[in-house]
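Participant: Listed in order, the protein sequences are those of chains S and E.
Read in our numbering, the first sequence has 311 at position 311, and its numbers run on one by one without any break.
Quick note, our numbering runs 478 ahead of the 1-based positions in the second sequence.
All C-beta atoms in this analysis are idealised placements derived from N, C-alpha and C, irrespective of residue type, glycine included.
Since the structure is predicted, the reported quantities are computational estimates derived from the model, not experimental observations.
So that we are looking at the same thing, I have put the structure below in structure tokens.
Number of protein chains: 2
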Amino acid sequence: MLSPIEVNNNILEMEYAVRGPIPKRAAELESQGMKIIHCHIGNPQALGQSPLAYNRQVLSLVEDPSKIAREKALKNVFEETPVTDIKESDFLSEEILVVSETILSKMKAGGTGAYTESKGERFIREAVASFIDKRDLTDNPNGVASDPEKIFLTSGASQGVKFVIDLLIAHGNDGIMVPIPQYPLYSATIKKAGGRQVNYYPDEESGWTFDQALLEESLAKARSEGVNVKGIVVINPGNPTGAVLGEESIQTVIEFAKEHHLAILADEVYQENVYAGKFVSFAKALGAETAVPLFSFHSISKGFFGECGHRGGYLEVRNPPNIQGSNLDFVDLLTKQASVSLCSNTAGQILTYLMVSPPKEGTASYQLYSQEKSRILNDLKEKATMIRNAFTHMNGVECFGETGAMYLFPRLNKLPEGKTDYDYCMALLEKTGLCTVNGSGFGQKEGTSHLRIAFLPPQKLLAQVLPKWIKFHNEYVG
Amino acid sequence: MLSPIEVNNNILEMEYAVRGPIPKRAAELESQGMKIIHCHIGNPQALGQSPLAYNRQVLSLVEDPSKIAREKALKNVFEETPVTDIKESDFLSEEILVVSETILSKMKAGGTGAYTESKGERFIREAVASFIDKRDLTDNPNGVASDPEKIFLTSGASQGVKFVIDLLIAHGNDGIMVPIPQYPLYSATIKKAGGRQVNYYPDEESGWTFDQALLEESLAKARSEGVNVKGIVVINPGNPTGAVLGEESIQTVIEFAKEHHLAILADEVYQENVYAGKFVSFAKALGAETAVPLFSFHSISKGFFGECGHRGGYLEVRNPPNIQGSNLDFVDLLTKQASVSLCSNTAGQILTYLMVSPPKEGTASYQLYSQEKSRILNDLKEKATMIRNAFTHMNGVECFGETGAMYLFPRLNKLPEGKTDYDYCMALLEKTGLCTVNGSGFGQKEGTSHLRIAFLPPQKLLAQVLPKWIKFHNEYVG
Numbered sequence: 001m002l003s004p005i006e007v008n009n010n011i012l013e014m015e016y017a018v019r020g021p022i023p024k025r026a027a028e029l030e031s032q033g034m035k036i037i038h039c040h041i042g043n044p045q046a047l048g049q050s051p052l053a054y055n056r057q058v059l060s061l062v063e064d065p066s067k068i069a070r071e072k073a074l075k076n077v078f079e080e081t082p083v084t085d086i087k088e089s090d091f092l093s094e095e096i097l098v099v100s101e102t103i104l105s106k107m108k109a110g111g112t113g114a115y116t117e118s119k120g121e122r123f124i125r126e127a128v129a130s131f132i133d134k135r136d137l138t139d140n141p142n143g144v145a146s147d148p149e150k151i152f153l154t155s156g157a158s159q160g161v162k163f164v165i166d167l168l169i170a171h172g173n174d175g176i177m178v179p180i181p182q183y184p185l186y187s188a189t190i191k192k193a194g195g196r197q198v199n200y201y202p203d204e205e206s207g208w209t210f211d212q213a214l215l216e217e218s219l220a221k222a223r224s225e226g227v228n229v230k231g232i233v234v235i236n237p238g239n240p241t242g243a244v245l246g247e248e249s250i251q252t253v254i255e256f257a258k259e260h261h262l263a264i265l266a267d268e269v270y271q272e273n274v275y276a277g278k279f280v281s282f283a284k285a286l287g288a289e290t291a292v293p294l295f296s297f298h299s300i301s302k303g304f305f306g307e308c309g310h311r312g313g314y315l316e317v318r319n320p321p322n323i324q325g326s327n328l329d330f331v332d333l334l335t336k337q338a339s340v341s342l343c344s345n346t347a348g349q350i351l352t353y354l355m356v357s358p359p360k361e362g363t364a365s366y367q368l369y370s371q372e373k374s375r376i377l378n379d380l381k382e383k384a385t386m387i388r389n390a391f392t393h394m395n396g397v398e399c400f401g402e403t404g405a406m407y408l409f410p411r412l413n414k415l416p417e418g419k420t421d422y423d424y425c426m427a428l429l430e431k432t433g434l435c436t437v438n439g440s441g442f443g444q445k446e447g448t449s450h451l452r453i454a455f456l457p458p459q460k461l462l463a464q465v466l467p468k469w470i471k472f473h474n475e476y477v478g
Numbered sequence: 479m480l481s482p483i484e485v486n487n488n489i490l491e492m493e494y495a496v497r498g499p500i501p502k503r504a505a506e507l508e509s510q511g512m513k514i515i516h517c518h519i520g521n522p523q524a525l526g527q528s529p530l531a532y533n534r535q536v537l538s539l540v541e542d543p544s545k546i547a548r549e550k551a552l553k554n555v556f557e558e559t560p561v562t563d564i565k566e567s568d569f570l571s572e573e574i575l576v577v578s579e580t581i582l583s584k585m586k587a588g589g590t591g592a593y594t595e596s597k598g599e600r601f602i603r604e605a606v607a608s609f610i611d612k613r614d615l616t617d618n619p620n621g622v623a624s625d626p627e628k629i630f631l632t633s634g635a636s637q638g639v640k641f642v643i644d645l646l647i648a649h650g651n652d653g654i655m656v657p658i659p660q661y662p663l664y665s666a667t668i669k670k671a672g673g674r675q676v677n678y679y680p681d682e683e684s685g686w687t688f689d690q691a692l693l694e695e696s697l698a699k700a701r702s703e704g705v706n707v708k709g710i711v712v713i714n715p716g717n718p719t720g721a722v723l724g725e726e727s728i729q730t731v732i733e734f735a736k737e738h739h740l741a742i743l744a745d746e747v748y749q750e751n752v753y754a755g756k757f758v759s760f761a762k763a764l765g766a767e768t769a770v771p772l773f774s775f776h777s778i779s780k781g782f783f784g785e786c787g788h789r790g791g792y793l794e795v796r797n798p799p800n801i802q803g804s805n806l807d808f809v810d811l812l813t814k815q816a817s818v819s820l821c822s823n824t825a826g827q828i829l830t831y832l833m834v835s836p837p838k839e840g841t842a843s844y845q846l847y848s849q850e851k852s853r854i855l856n857d858l859k860e861k862a863t864m865i866r867n868a869f870t871h872m873n874g875v876e877c878f879g880e881t882g883a884m885y886l887f888p889r890l891n892k893l894p895e896g897k898t899d900y901d902y903c904m905a906l907l908e909k910t911g912l913c914t915v916n917g918s919g920f921g922q923k924e925g926t927s928h929l930r931i932a933f934l935p936p937q938k939l940l941a942q943v944l945p946k947w948i949k950f951h952n953e954y955v956g
């Protein structure tokens, strides 16, 4: 007989609400035939968003390079001998062929089938650095250029976050500040690393912004409890709040981190998902400041790509600290960590390359790419607006912040006595098929209730479910 | 100014020789124009092995499904109006189209762009279970069928290994037995998890086999040092030894694990790379035994696929133990871990599917697939033989075990006084461009010296370098 074994308690206690009991119940209901509207996770392509044609055409050729020569041959033959029913547009554009060939020629021997360098293909890291420079140095002569050797291609953003947190947590009393509400990746990763999660509370009613005082308060409390705070996480645009941070809040964090010798972990995976306000990167705001270590994360899963399944992303490091008792620095240790999993997957690396080097204006692919991009982003904006409008018909529902990311995080002010937001979300699911995540899954200020809804389903579906939700809500809160 | 910070000491101390100083020096020499022969890592496609056409044709279509309809249209047009210079074989076979369509229809909405279930696509896990059953239950009526719910699709085998070890190590004195020499993934993962590595020493001269006595000895020593041993790793075929284990050694491990309540971690990523002897899986050897938890790992990176860059693989669990103080079992906790990184990449999942469900005999693709498979495996066998032959011309070099995996691990009996195998491998690199890894990078019995060579470079290249190596060797050992 097998006796029960003792396992790592950090993993046993770790929680991950985004794949927790409500989505599990949704899967059960779905298997029983109920129509479920999946708004619990930012998984755009699962909800009908198409991948960009350019991306997949290139990726497809890079995965099967023999098709490049064949495409050229077929094209030539049909040009010489036109055939009814075959149009020129049935063939891949010259540009797609050239980009695919360029990628293959720049990859190390073996193409997508070979391990890359632990950090990822150098030419892709160079392209990431150029992308960051273009984003941050235009009209900003005092900015500092990005260094490809301080860039890591990762399996989604989450692997980069894990690398950094696993390194920062040296002892059980080491802590990382996280905004509440937060994306459960942070709580789970800190928990698993055996560290302490130090909550800070952005001010909901001023649009989830923050000032020095609330950061100081959180830090002082943690220190009084013996926690050695080593870093601060900022998610901008926010997850789950969806709120876009202003430059003032960003500068506040940098000053605060400098004063207290903290590293900044800037989760900027939603930087293209900004429907109001303006995205400012931490790297840009940091400028020539050298006293603050900065780790910035980006991903192919969000923005207008939505390539979640391909698990691609990057981590950029600025001002890597030296390591006590070692002549290695932080970048060396990140490299060592990356090398144990050998490299991130090549399809994800290629999509990361395509994200940071889109077709240039004036090229054949540019027009379609731009159309697809605008359509996706406009559609997201319209869906956010539809849902925000629905809130105005719900008794005691308020939603703060400039709309960004893929989420709204409304506050439920009038839940019935004894009911939690978990109860609410579960009942909403059972009644309407709408699957959201309860605010308590992300953490929230005591005494408040929220939910997170990802504004991803097709507008037609939203138009059907929103009236049901309004009805459900007003009956539920009575 | 940035002051040095303290980081996780386990990561600081962790070592990973396969990407250590010798390959680093090789990269330097290469950038200076020296021709390097990369035999330090099992990365076949980087050394000229082609991916199987079938795999890439299917993957390419699944990544760009619009090409399926186009292919059909082009084919129809061509059939009706034959065109000079275009042959029927220039088009994809019906089977490739059907398999691609089948995969897309079985994937959740969104295809490769959507997150899958945390464990990976259910239909792929079902295909993995069928593959295991076909491998282990044929002519074995008492075998136990594999359960798709106990299978996890992982990013290479290494992610699965990490999941299991991270769970097993609950305290700093928890230990895992690993064979010496071992693949550094194990030492690094145990170190990072904060556990204790417990070495056991397979008997080199009998072909790296083991008996109960040497396992007991290792366990007793660890226990006397206060280590709570929880699992035992077996790598079969071996890495770095390349040795194929006989069924007797496997049964010995199972009996030993049962008696001492250990979990078995069976690294079987080289199960297709067997050039002498016969591969027997731990799952098959375990049979109906329910008292031993078994974790088996497989990967698309090795075998005849060599799809290293795509990071695909699986973990199969048998007899998952219950967890003390919890109503969850080990599979639940693995699922929770998988969910924090959301899912393994979809391209890797699809290649895993293709690995476990190759074209069937009699189909159009079967013939080419079988040819490619045989050519790759025969070529590997011939290269291993070439290198083994070279050893016979080297003074004091012996190599034990039935040849498997992609490695030979010769013992260097006659190094000059004061010289280590690290010195030898570095000098070999500088003199001949041949990049290997020193035995001490994997651990070895005290007083012995080895190196690991991956037998992957083209035969032509080996034929050039082997005489140089023989010359170098005999001069070096004097």
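List, in order along the chain, the chain S residues whose C-beta lies closer than 7 Å to that of Glu-484 (chain E)?
Facilitator: Looking up residue 484 (chain E) in the second sequence gives position 6. Those are Ala-170, Gln-324, listed as they occur along chain S.
Participant: Kindly say whether Cys-821 (chain E), judged by its beta-carbon, lies nearer than 9 Å to any beta-carbon of chain S.
Facilitator: Here residue 821 (chain E) refers to the residue found at position 343 when the second sequence is read from its first residue. Chain S, which has a Cβ nearer than 9 Å to the Cβ of Cys-821 (chain E), makes this yes.
Participant: Within 9 Å (strictly less), CB to CB, does His-928 (chain E) reach chain S?
Facilitator: As a first step, residue 928 (chain E) is located in the second sequence; it is residue number 450 there, counting from the start. Output row for His-928 (chain E): interface = no.
Participant: Tell me whether Asn-319 (chain S) sits in a helix, a strand or coil according to DSSP, three-state version.
Facilitator: Here residue 319 (chain S) is taken as the residue at index 319 of the first sequence, counted from 1. The answer is coil: DSSP assigns Asn-319 (chain S) none of H, G, I, E or B.
Participant: For a quick check, are the C-beta atoms of Thr-436 (chain S) and Ala-243 (chain S) less than 9 Å apart?
Facilitator: The count along the first sequence starts at 1 and reaches residue 436 (chain S) at position 436. The count along the first sequence starts at 1 and reaches residue 243 (chain S) at position 243. Cβ atoms of Thr-436 (chain S) and Ala-243 (chain S): not closer than 9 Å.
Participant: In whole angstroms, what is the alpha-carbon distance linking Asn-273 (chain S) and Val-622 (chain E)?
Facilitator: Start at 1 with the first residue of the first sequence, and residue 273 (chain S) comes out as number 273. Start at 1 with the first residue of the second sequence, and residue 622 (chain E) comes out as number 144. So the alpha carbons of these two residues sit roughly 50 Å apart.
Participant: Quick check on this structure: which residue in E:Ala-547, E:Lys-597, E:Gly-704, E:Leu-552 has the alpha carbon closest to the alpha carbon of Val-576 (chain E)?
Facilitator: Taking the second sequence and counting its residues from 1, one reaches residue 576 (chain E) at position 98. Selected option, being the one with the closest Cα: E:Ala-547.
Participant: When the distance is taken between beta carbons, is Leu-265 (chain S) closer than 9 Å to Ile-169 (chain S)?
Facilitator: For the purposes of this step, residue 169 (chain S) is identified with residue 169 of the first sequence, where counting begins at 1. For the purposes of this step, residue 265 (chain S) is identified with residue 265 of the first sequence, where counting begins at 1. It is not a contact, given that the beta carbons lie outside the stated cut-off.
Participant: How many Å lie between Phe-950 (chain E) and Met-585 (chain E) at the Cα?
Facilitator: Working through the second sequence from its first residue, we reach residue 950 (chain E) at position 472. Working through the second sequence from its first residue, we reach residue 585 (chain E) at position 107. Cα to Cα, the separation comes out at about 54 Å.
Participant: Are the CB atoms of Gly-306 (chain S) and Pro-51 (chain S) nearer to each other than 9 Å?
Facilitator: As a first step, residue 306 (chain S) must be located in the first sequence, where it is residue number 306. As a first step, residue 51 (chain S) must be located in the first sequence, where it is residue number 51. Yes; because the gap between Cβ atoms is below 9 Å, this pair is in contact.
Participant: By the 7 Å beta-carbon criterion, what residues does the segment 54 to 68 of chain S contribute toward chain E?
Facilitator: The residues in question are Arg-56, Gln-57, Leu-59, Ser-60, Glu-63, Asp-64, Lys-67.
Participant: Residues of the segment 308 to 320 of chain S in Cβ contact with chain E at a cutoff of 7 Å, in chain order, please.
Facilitator: The segment 308 to 320 of chain S vs chain E, Cβ under 7 Å: Cys-308, Gly-309, His-310, Arg-311, Asn-319.
Participant: Going residue by residue through the segment 752 to 795 of chain E, where are the continuous alpha helix (DSSP H) segments of at least 4 residues, counting only ones entirely within it?
Facilitator: Complete alpha helix (DSSP H) runs here, min 4: 760 to 764.
Participant: I need the DSSP call for Tyr-661 (chain E), collapsed to helix, strand or coil.
Facilitator: As a first step, residue 661 (chain E) is located in the second sequence; it is residue number 183 there, counting from the start. Coil at Tyr-661 (chain E), not helix or strand.
Participant: Could you work out which residue in S:Tyr-314, S:Gln-371, S:Val-7 is closest to Asp-644 (chain E) when comparing CA atoms only?
Facilitator: Against the second sequence, residue 644 (chain E) aligns to sequence position 166. When only C-alpha atoms are compared, the closest one is S:Val-7.
Participant: Taking 9 Å as the cut-off, decide whether the C-beta atoms of Val-536 (chain E) and Ser-578 (chain E) are in contact.
Facilitator: Numbered from its first residue, the second sequence carries residue 536 (chain E) at position 58. Numbered from its first residue, the second sequence carries residue 578 (chain E) at position 100. Their beta carbons are under 9 Å apart, which means Val-536 (chain E) touches Ser-578 (chain E) by this criterion.
Participant: Count the other C-beta atoms from every protein chain shown that fall within 10 angstroms of the C-beta of Arg-411 (chain S), then say buried if there are 16 or more, exposed otherwise.
Facilitator: Against the first sequence, residue 411 (chain S) aligns to sequence position 411. Flag for Arg-411 (chain S) reads buried.
Participant: So Ala-294 (chain S) and Asn-55 (chain S) are supposed to be a Cβ contact under 8 Å. How far apart are they, rounded?
Facilitator: Along the first sequence, read from residue 1 onward, the residue named residue 294 (chain S) stands at position 294. Along the first sequence, read from residue 1 onward, the residue named residue 55 (chain S) stands at position 55. A quick correction: the sequence has Leu, not Ala, at residue 294 (chain S). Not a contact, Cβ separation roughly 29 Å.
Participant: Checking contacts by CB at 9 Å: is Arg-548 (chain E) closer than that to chain S?
Facilitator: What you label residue 548 (chain E) is simply residue 70 of the second sequence in a count that begins at 1. For Arg-548 (chain E), the answer is yes, since a Cβ of chain S falls inside 9 Å of its Cβ.
Participant: Pull the bridge partners of Met-177 (chain S) from the DSSP assignment, please.
Facilitator: Working through the first sequence from its first residue, we reach residue 177 (chain S) at position 177. Paired residue(s): S:Val-198, S:Ile-232.
Participant: Rank E:Ser-804, E:Ala-531, E:Ser-835 by C-alpha distance to the C-alpha of Ser-66 (chain S) and give the top, closest one.
Facilitator: Position 66 of the first sequence, counting from 1, holds the residue named residue 66 (chain S). Comparing Cα-Cα distances from Ser-66 (chain S) to each of E:Ser-804, E:Ala-531, E:Ser-835, the minimum goes to E:Ala-531.
Participant: At a Cβ threshold of 9 Å, is Pro-293 (chain S) touching chain E?
Facilitator: Walking along the first sequence from the start, residue 293 (chain S) turns up at place 293. It does; some Cβ of chain E falls within 9 Å.
Participant: Rounded to the nearest angstrom, what separates Thr-824 (chain E) and His-310 (chain S) at their Cα positions?
Facilitator: Mapped onto the second sequence, residue 824 (chain E) falls at position 346. Mapped onto the first sequence, residue 310 (chain S) falls at position 310. Cα to Cα, the separation comes out at about 6 Å.
Participant: Check whether the Cβ of Pro-44 (chain S) lies closer than 9 Å to any Cβ atom in chain E.
Facilitator: Taking the first sequence and counting its residues from 1, the one referred to as residue 44 (chain S) is at position 44. Yes, its Cβ sits closer than 9 Å to a Cβ of chain E.
Participant: Report the rounded CA-to-CA distance for Gly-160 (chain S) versus Leu-315 (chain S), giving the unit in angstroms.
Facilitator: The residue given as residue 160 (chain S) occupies position 160 in the first sequence. The residue given as residue 315 (chain S) occupies position 315 in the first sequence. So the alpha carbons of these two residues sit roughly 6 Å apart.
Participant: Return the chain-ordered list of same chain residues with a C-beta closer than 7 Å to the C-beta of Ala-754 (chain E), the five sequence neighbours on each side being excluded.
Facilitator: Locating residue 754 (chain E) in the second sequence gives position 276, where the first residue counts as 1. Only Val-722, Glu-880, Thr-881 meet the Cβ criterion.
Participant: Excluding sequence positions up to five away, which residues of its chain have a Cβ less than 8 Å from the Cβ of Ala-364 (chain S)?
Facilitator: Here residue 364 (chain S) refers to the residue found at position 364 when the first sequence is read from its first residue. Closer than 8 Å at Cβ, skipping near neighbours: Ser-93, Glu-94, Glu-95.
Participant: Could I get the ranges of all uninterrupted alpha helix (DSSP H) runs contained in the segment 116 to 180 of chain S, with 4 residues as the minimum, in chain order?
Facilitator: Listed in chain order, they are 122 to 137, 156 to 168.
Participant: Starting from the C-beta of Val-809 (chain E), find all residues in its chain whose C-beta is less than 8 Å away, skip the five residues before and the five after it, and write them out in chain order.
Facilitator: Residue numbering aside, residue 809 (chain E) sits at position 331 when the second sequence is read from its first letter. The answer, listed in chain order, is Glu-627, Lys-628, Val-795, Pro-798.
Participant: Just to check my reading of the structure: Phe-131 (chain S) and Val-356 (chain S) have Cβ atoms closer than 8 Å, yes? What is that Cβ distance to the nearest angstrom?
Facilitator: Position 131 of the first sequence, counted from the first residue, corresponds to residue 131 (chain S). Position 356 of the first sequence, counted from the first residue, corresponds to residue 356 (chain S). Confirmed, about 4 Å.
Participant: Quick one: list the residues of chain E neighbouring His-261 (chain S), beta-carbon separation under 9 Å, in chain order.
Facilitator: As a position in the first sequence, residue 261 (chain S) is number 261, starting the count at 1. In chain order: Leu-480, Ser-481, Ile-483.
Participant: When you compare each of S:Thr-352, S:Asp-174, S:Gly-195, S:Gly-33 to Ile-103 (chain S) by their alpha carbons, which one comes out closest?
Facilitator: By 1-based counting over the first sequence, the position of residue 103 (chain S) is 103. Nearest option by C-alpha distance: S:Thr-352.
Participant: Decide if Arg-853 (chain E) is buried, meaning its Cβ has at least 16 other Cβ atoms within 10 Å, or exposed.
Facilitator: Residue 853 (chain E) sits at position 375 when you count from the first residue of the second sequence. By the 10 Å Cβ count, Arg-853 (chain E) comes out exposed.
Participant: In angstroms with no decimal places, state the Cα-to-Cα distance between Ser-583 (chain E) and Ser-538 (chain E).
Facilitator: Looking up residue 583 (chain E) in the second sequence gives position 105. Looking up residue 538 (chain E) in the second sequence gives position 60. C-alpha separation (whole angstroms): 16 Å.
Participant: Less than 9 Å between CB atoms is the rule here; does Val-99 (chain S) satisfy it with respect to chain E?
Facilitator: As a position in the first sequence, residue 99 (chain S) is number 99, starting the count at 1. No, its Cβ sits nowhere closer than 9 Å to a Cβ of chain E.
Participant: Report yes if the CB atom of Thr-632 (chain E) is closer than 9 Å to the CB atom of Gly-591 (chain E), and no otherwise.
Facilitator: For the purposes of this step, residue 632 (chain E) is taken as the residue at position 154 of the second sequence. For the purposes of this step, residue 591 (chain E) is taken as the residue at position 113 of the second sequence. For Thr-632 (chain E) and Gly-591 (chain E), no; Cβs fall outside 9 Å.
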